[in-house]
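Numbering (this note's numbering), first residue to last: 2 to 406.
In structure tokens form, the structure reads like this:
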């Protein structure tokens, strides 16, 4: 890790003794990550049951998935302000409390409760999204790449756990209990997070006033790298949510798979992300320039839409390549945020802007891809839209990584 991050860390005399093992903090981060996507995707496999119970159409049901992503964008400034005021440790604990409340409220009776709970879930997860890269940069700087890789992998593992188990739980009970049951995982994450951060100075406002001192150079939001990473993340997240929302239906239409088979088959896209999440930190260490890593990630990403367009019978290979790329894409972007931030405060602010702008664009991904499919009646147009998003990631990613120290 660069010297800028080491000097930005709180001085030993200003922080409490760090008696908790780094492994415990990593465990807390990974348990938190399991809750940062799972509560959203848990809705997907029981959408039809929700529609029938609440008497809503497909567009309204889609809000239960798209609203949290919109919160990722619009609520990011508030999340950053909360973390600055309460500190990283307390801020995340507050967010986990809100996440638990949202999980319960969403399963109460009626559409208003479902929407209110969904908004609470989106706002809570936004805080976690912003906090994790900052915690890693502050407390685990020497292992930032590896921990970011594990964090990204845990995001996808959380998605796979909820996608795999929500339907069996709903079959034994109902969709309300199946969604609310994931609150247990939130409680476990909150307990481990509190234990891991209680002696890491996580409760200090803004995580040490020294980090708020201005650094030499341009104002943080005027730096080209900040906007380059924001645009790159927008392309990455747009492609991810667009593919996640429609890949099962695409496989069913193009290859004649049943609904259950298409759902299981599309999980390759999520599982393969683990390869990219762990592979990118290794590539960043071995390659002389992050630009090479960006190029490799984007080439693998592009294989998904191009492969499904030109040779759909090889869908498993294309899903695996695209899945590895989406796991690697978010890892390389967060790694560049940690590397390029000049102090702890700039890390938090850059993380907030990159994710806020990116997720605001990404919230339109499922709707745009679906609208293009409905307008054209084929999957060629939607796949080209995904390919265009990957090209945005490639172009902006190259520009943002060119001068990384």
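Positions of the beta carbon are idealized from the N, C-alpha and C atoms, including for glycine.
The structure displayed is predicted, hence computed values, not measured ones.
Identify which residue in the options has its Cα closest to the Cα of residue i.
i: residue 104; options: 73, 119 and 76; result: 119
i: residue 182; options: 171, 191 and 192; result: 171
i: residue 320; options: 81, 265 and 146; result: 265
i: residue 42; options: 148, 271, 86 and 298; result: 271
i: residue 401; options: 377, 342 and 350; result: 342
i: residue 34; options: 132, 347, 344 and 377; result: 132
i: residue 36; options: 156, 223 and 275; result: 156
i: residue 350; options: 134, 108 and 238; result: 134
i: residue 116; options: 164, 161 and 66; result: 66
i: residue 339; options: 263, 141, 163 and 53; result: 141
i: residue 225; options: 285, 189 and 337; result: 337
i: residue 164; options: 136, 220 and 263; result: 263
i: residue 243; options: 55, 23 and 63; result: 63
i: residue 286; options: 376, 23, 143 and 44; result: 143
i: residue 44; options: 334, 162, 23 and 297; result: 162
i: residue 292; options: 334, 345, 322 and 324; result: 334
i: residue 180; options: 231, 110, 220 and 241; result: 110
i: residue 280; options: 227, 55 and 324; result: 324
i: residue 241; options: 61, 330 and 23; result: 330
Residues in the same chain with beta-carbon distance under 6 Å from residue i, minus the five sequence neighbours each way, listed in chain order, please.
i: residue 278; result: 150, 153, 154, 328 and 332
i: residue 383; result: 370, 373 and 374
i: residue 246; result: 367
i: residue 197; result: 21, 25, 26 and 29
i: residue 362; result: 235 and 239
i: residue 288; result: 294
i: residue 71; result: 364
i: residue 395; result: 299
i: residue 348; result: 135, 138 and 342
i: residue 297; result: none
i: residue 106; result: 114, 117 and 118
Tell me the rounded alpha-carbon separation between residue i and residue j.
i: residue 393; j: residue 359; result: 12 Å
i: residue 294; j: residue 174; result: 46 Å
i: residue 91; j: residue 84; result: 8 Å
i: residue 147; j: residue 27; result: 10 Å
i: residue 166; j: residue 185; result: 14 Å
i: residue 274; j: residue 114; result: 33 Å
i: residue 145; j: residue 257; result: 43 Å
i: residue 108; j: residue 267; result: 26 Å
i: residue 269; j: residue 249; result: 11 Å
i: residue 53; j: residue 178; result: 16 Å
i: residue 193; j: residue 31; result: 10 Å
i: residue 326; j: residue 237; result: 9 Å
i: residue 93; j: residue 81; result: 11 Å
i: residue 158; j: residue 276; result: 12 Å
i: residue 229; j: residue 195; result: 35 Å
i: residue 284; j: residue 73; result: 29 Å
i: residue 233; j: residue 87; result: 30 Å
i: residue 176; j: residue 160; result: 17 Å
i: residue 223; j: residue 344; result: 16 Å
i: residue 220; j: residue 227; result: 11 Å
i: residue 61; j: residue 253; result: 23 Å
i: residue 55; j: residue 322; result: 38 Å
Is it right to say residue i is buried, meaning 16 or more other beta carbons lie within 10 angstroms of its own, or is it exposed?
i: residue 397; result: buried
i: residue 391; result: buried
i: residue 259; result: exposed
i: residue 46; result: buried
i: residue 49; result: exposed
i: residue 1; result: The chain is shown from 2 up to 406; residue 1 falls before or after that span and cannot be answered.
i: residue 38; result: buried
i: residue 317; result: exposed
i: residue 311; result: exposed
i: residue 188; result: exposed
i: residue 1; result: The chain is shown from 2 up to 406; residue 1 falls before or after that span and cannot be answered.
i: residue 301; result: buried
i: residue 377; result: exposed
Note down, in chain order, each residue of its chain lying with its Cβ closer than 7 Å to the Cβ of residue i, except the 5 sequence neighbours on either side.
i: residue 96; result: 125, 128 and 129
i: residue 69; result: 41, 119, 122, 123 and 126
i: residue 399; result: 292 and 295
i: residue 231; result: 354, 355, 358 and 359
Residues in the same chain with beta-carbon distance under 8 Å from residue i, minus the five sequence neighbours each way, listed in chain order, please.
i: residue 309; result: 251, 255, 316, 319, 380 and 384
i: residue 407; result: Because the chain here runs from 2 to 406, residue 407 falls outside it and cannot be looked at.
i: residue 282; result: 146, 147, 149, 150, 332 and 336
i: residue 191; result: 94, 97, 98 and 101
Inter-stretch contact at 8 Å, needing at least 3 Cβ pairs: the region 94-103 / the region 120-134: yes
Inter-stretch contact at 8 Å, needing at least 3 Cβ pairs: the region 63-82 / the region 352-371: Between the region 63-82 and the region 352-371, the count of C-beta pairs closer than 8 Å reaches three or more; the two stretches touch.
Contact the region 377-393 vs the region 300-320: 3+ CB pairs below 8 Å: Flag = yes, the region 377-393 and the region 300-320 touch.
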